[in-house]
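In this note's numbering, the protein residues as written are 5 to 219. Think of the CB as a built atom: it goes at the ideal place given N, C-alpha and C, for glycine as much as any other residue. Bear in mind the structure is a predicted one, so any value in this text is a computation, not a measurement.
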Amino acid sequence: MNIVIMGPPGAGKGTQAEFIKNKYKIPHISTGDMFREAVKKGTPMGKEAQKYMNAGKLVPDQVTIGIVQDRLAEADCQAGFLLDGFPRTIVQAKALDEVLEKTDRKLDAAINIAVPDNILIQRMSGRVSCKECGKVYHLVFSPPAAQGKCDECSGELIQRSDDNAETAANRLQVYNEQTSPLLDYYQDQGLLKNVDGNRDLKAVGSDIEVILDEA
Ligand code: ADP
Ligand code: ADP
Ligand code: ZN
């Protein structure tokens with residue numbers, strides 16, 4: 005199954021992707037995670053990407069398309085994949101269609117998790133993740149058992165540097181201007197599946213499960 009999961013920043017893409025990848029046994033490809041990894045390692049690409057991420061802007065299409073193209077060519081993606089946070093522009097969506105067509109693949113579904121802006125702000129401002137294993141928590145909505153510590157590995161919980169009020173607002177604006185046109189793009193292809201993301205984790209997850217079992 006070849007799936008794209010979309011939605012504004014903080015909608016719950018990464019959270020739902022965790023559950024989808026386990027259930028359907030497909031690799032979870034998050035461009036945000038790939039960029040954060042490159043930043044952590046201090047690679048030239050990471051240094052370039054960091055400038056855009058800190059400003060809440062999109063990393064240029066050429067860079068982003070390149071890393072996704074390479075990742076989709078790997079062996080573990082041939083039987084299916086879950087793209088999270090890509091595509092984010094029409095240029096990226098067209099590039100993805102081309103890459104898939106060349107390798108005789110196609111998308112099965114584009115899931116869109118919709119959440120109102122005021123809730124997105126709350127989700128981003130309370131988001132923390134484990135420094136060691138990456139597990140994502142929310143200080144109010146899904147807190148760890150012990151304050152500041154990961155339930156799975158006792159790692160330290162940290163906040164993403166782009167989850168501050170100013171950058172979060174920029175990311176919402178970028179989403180509205182550059183990413184939301186993709187909804188029509190996938191609607192026209194008959195692939196768009198809308199999910200109401202303003203409910204608890206399990207309710208959102210079971211809607212996605214129904215969609216994917218039919219896809
Ligand atoms: P995205 O990948 O779309 O940016 P995340 O999956 O990281 O979003 O979720 C953003 C924040 O909101 C995290 O702190 C997460 O724990 C929390 N969250 C995700 N889904 C829900 C939900 N349905 N209800 C409440 N909080 C949620
Ligand atoms: P969120 O959905 O919570 O905003 P992500 O982890 O998906 O977060 O993305 C974090 C940042 O990484 C984005 O604000 C952007 O700077 C960069 N990024 C991620 N995916 C893309 C993409 N497909 N195109 C351009 N930039 C991207
Ligand atoms: Zn952990």
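Setting aside the 5 residues that flank it on each side, Leu143 is surrounded in the same chain by Gly130, Val132, each with a C-beta closer than 7 Å to its C-beta; the list follows chain order. Asn58: member of the alpha helix (DSSP H) spanning 48-59, first to last residue. CA-to-CA, the gap between Tyr179 and Asp167 works out to about 15 Å.
Secondary structure note for Phe85: its beta strand (DSSP E) is the uninterrupted segment 85-88. Boundaries cannot be given for Arg164, as no alpha helix (DSSP H) includes it and DSSP labels it neither H nor E. Cβ-Cβ distances below 6 Å link Gln163 to Val132 in the same chain, with the five nearest sequence neighbours on each side left out; the list follows chain order. Distance check between Glu136 and each of Val43, Glu160, Pro147, Pro120 places Glu160 closest, using alpha-carbon atoms only. A distance filter of 6 Å between CB atoms and the heavy atoms of ligand 3 selects the following residues in sequence order: Cys134, Glu136, Cys137, Lys139, Cys154, Glu156, Cys157, Gly159.
Excluding the 5 residues flanking it on each side, Val63 has same chain C-beta neighbours closer than 6 Å at Ala53, Tyr56, in chain order. Rounded to the nearest angstrom, the gap between the Cα atoms of Lys17 and Glu156 is 20 Å. Between Cys81 and Pro13, the C-beta spacing is not below 7 Å. The shortest CA-to-CA distance from Val72 to any of Ser146, Leu87, Asn58 is the one to Leu87.
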